[in-house]
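**Student:**
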Amino acid sequence: CEGVLRTIYNTQWYLLTPKFRKYLVLMMARALRPVVFTGGFIILLSLNSFQQ
């Protein structure tokens, strides 16, 4: 997560178009949330739930 944010920030974003800068902001916001896999929007899929 932090590595993605740091990499995006360290790019030469100031040279990009305003439209692409907005995409970078969205990517940074998405990187703050962890990726969660669910089954049918009901069950959290993880190694722990698989073992149970």
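As numbered in the numbering used here, residues 69 to 120 make up the sequence shown, in order.
No residue lacks a Cβ here, since even glycine has one placed at the ideal position from N, Cα and C.
#1: Under three-state DSSP, which class holds G107?
#2: Have a look at W81, G71, C69 and L100 and flag the residue whose alpha-carbon is nearest the alpha-carbon of L92.
#3: What are the boundary residues of the alpha helix (DSSP H) that includes Q119?
#4: How would you write the range of the alpha helix (DSSP H) that R98 sits in, first residue to last?
**Tutor:** Per the coordinate set shown:
#1: Note: G107 maps to strand in three-state DSSP.
#2: Here the closest residue by C-alpha is W81.
#3: For Q119, the enclosing alpha helix (DSSP H) covers residues L115 to Q119.
#4: Start and end: P86 to L100.
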